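Counted the way mature numbering (1 follows the signal peptide of the UniProt record, and there is no 0) counts, the sequence shown spans residues -26 to -1, 1 to 289. Built from N, CA and C at the ideal position, the CB exists for glycine as well. Computed from a prediction, not measured in an experiment: that's the story for all the values here.
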Amino acid sequence: MRRSALLGTVLVSFACCLFAAPSASADPLSGTSGFYVNPASAPAAWVAANPSDSRAASIRSAIAAEPIARWFGDDGGDIGTEVSSYVGTAYSHGKVPVLVAYDIPDRDACSGYSGGGASSVSAYESWISTFAAAVAARPAVVVIEPDALSDYSCLTAAQQSSRTAMLLFATRMFQTKATDTWAYLDAGHTNWVAPATMAAELKAAGVANIRGFSVNVSNFYTTGSSETYASSINASLGGSSHFVVDTSRNGNGSDGEWCNPSGAKLGTTPQSGGGADLLLWVKTPGVSDGECGTDPTTPAGTFDPALAVALINGT
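Structure, rendered in structure tokens:
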């Protein structure tokens, strides 16, 4: 179930073959100086607008100062310009940006809090093609369509088939147009879709075209359980893929609730290595999952400082 919405280089050669297979593409982390910290992220913007608030200092240091993924959807802007500008800014600082592509039709089919997405298959293909082309041959990490595969139980057979084709198209766009990007198809979380089933869905959607898959996006399962789940998926894929884990809110693990639960805590800050390729903050801490749980009045995608402080304190 979708929990959030839109939220959030280095010296590589542009002579890299534009149509190289993923295994031949450059490592976006090689030669860089870490992940890009977005100065305009939702928590950073709130801190800037509320400098006298007693919560501002802790939100600034614990959340806004960390590299958080920026989410992109069809918000009426020019996706090519928006993505190119964001990636270019990170590139100019020698940093790797983390982006989320989130515009699949019938988005968030199971919960509906972050519903929407492109109006048609052709509109989506144009959008995602433009997105990938805007990243171009600059280093980046991209998570592709959170929950799009996990939501299959809430779609008709025809919708499932159409979505698989769109995701396959998306992976091919990143394979050919964003050659220095590590792209990851989202694979839900440890307590949703069985590993073998998810592996089959990932395979059909073209996971072999890109770096791998993501797990625990916007959820709360521990890094250990997420890595176990991902490793089981990878085993079903033949062990050839890679994965990343969203650790933004998994410091206390999951109690089974996914929508603004109490007791959640910030997890390990973004870094490379370990059992996963990367540990990332894909979800923006403090951004509401929807009008639910401990925050029944804040819409999905809206930053709430009370949620942020609760995550800092683990309450």
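Could you check where the beta strand (DSSP E) with residue i kicks off and where it finishes?
| i | result |
| --- | --- |
| Phe217 | 216 to 220 |
| Gly186 | 186 to 189 |
| Ala114 | 114 to 118 |
| Phe46 | 44 to 46 |
| Leu3 | No beta strand (DSSP E) holds Leu3; DSSP gives it neither H nor E. |
| Ala238 | Ala238 -> no beta strand (DSSP E), and no H or E assigned at all. |
| Thr155 | 155 to 160 |
Do residue i and residue j have their C-beta atoms within less than 7 Å of each other?
| i | j | result |
| --- | --- | --- |
| Val95 | Ala152 | no |
| Asp125 | Ala83 | yes |
| Gly260 | Phe277 | yes |
| Asn234 | Thr268 | yes |
| Asn190 | Ser200 | yes |
| Phe187 | Arg223 | no |
| Thr258 | Ile42 | yes |
| Leu211 | Ala179 | no |
| residue 290 | Val70 | One cannot answer for residue 290 here, as it falls past the ends of the chain, which runs -26 to 289. |
| Leu254 | Val21 | no |
| Ala182 | Met172 | no |
| Gly47 | Tyr76 | yes |
| Thr221 | Thr202 | no |
| Ala30 | Asn24 | yes |
Could you give the residue range of the alpha helix (DSSP H) that holds residue i?
| i | result |
| --- | --- |
| Ala284 | 279 to 287 |
| Val70 | Counting along the chain, Val70 falls outside any alpha helix (DSSP H), and DSSP gives it neither H nor E. |
| Ala209 | 197 to 210 |
Check each candidate in the options and name the one with the smallest Cα separation from residue i.
| i | options | result |
| --- | --- | --- |
| residue 305 | Gly249, Ser100, Lys69 | Not covered by the structure: residue 305. The range shown for the chain is -26 to 289. |
| Ser66 | Ser88, Arg44, Asp251, Tyr10 | Tyr10 |
| Ile37 | Ala19, Thr289, Gly50 | Ala19 |
| Tyr98 | Arg112, Tyr87, Arg81, Ala111 | Arg81 |
| Ile102 | Tyr87, Val57, Ser85, Gly86 | Val57 |
| Trp232 | Leu142, Pro79, Asp121, Gly91 | Asp121 |
| His216 | Asn24, Asp251, Ala14 | Asp251 |
| Asp229 | Thr289, Ala182, Gly248 | Thr289 |
| Ala170 | Ser246, Gly213, Ala39, Thr130 | Gly213 |
| Ala238 | Leu176, Gln245, Thr196 | Thr196 |
| Phe148 | Pro113, Gly241, Gly62, Thr271 | Pro113 |
| Gly91 | Met140, His163, Ala64 | Met140 |
| Tyr60 | Thr130, Phe105, Ala30 | Phe105 |
| Thr6 | Val219, Pro17, Ala64 | Ala64 |
| Glu119 | Trp45, Ala174, Ala132, Thr164 | Trp45 |
| Ala107 | Ala16, Pro25, Gly62, Gly275 | Gly62 |
| Val74 | Ala168, Ala144, Ala23, Thr150 | Ala144 |
| Gly198 | Ser236, Ala174, Thr150, Gly249 | Gly249 |
| Ala274 | Ser85, Gly68, Ser35, Ala132 | Ser85 |
| Ile286 | Gly51, Ser35, Thr271, Ser26 | Ser35 |
Helix, strand or coil: how does DSSP classify residue i here?
| i | result |
| --- | --- |
| Asn226 | coil |
| Ser96 | helix |
| Thr138 | helix |
| Trp232 | coil |
| Gly180 | coil |
| Thr272 | coil |
| Pro(-5) | Because Pro(-5) carries a pLDDT of 37, less than 50, the predicted location of this residue cannot be relied on, and the following value inherits that uncertainty. Pro(-5) falls in the helix class under three-state DSSP. |
| Asp27 | coil |
| Thr171 | helix |
| Asp125 | helix |
| Gly62 | helix |
| Val261 | strand |
| Ser88 | coil |
| Trp255 | strand |
| Ser15 | coil |
| Ser103 | helix |
| Ser32 | helix |
Can you give the beta carbon distance from residue i to residue j, rounded, assuming they're within the 8 Å contact cut?
| i | j | result |
| --- | --- | --- |
| Val116 | Ser192 | Going by Cβ atoms, the distance from Val116 to Ser192 rounds to 16 Å, so no, they are not a contact pair. |
| Arg185 | Trp166 | Incorrect: roughly 22 Å between the Cβ atoms, too far for contact. |
| Arg137 | Ile78 | 7 Å |
| Glu40 | Pro244 | 7 Å |
| Ala(-1) | Asp154 | 4 Å |
| Leu281 | Ser262 | 6 Å |
| Leu176 | Leu129 | With a Cβ gap of about 16 Å, Leu176 and Leu129 do not count as contacting. |
So that I know if they touch, is there some Cβ in chain B lying closer than 7 Å to that of residue i?
| i | result |
| --- | --- |
| Gly47 | In summary, chain B is missing from the structure at hand, where a single protein chain is found. |
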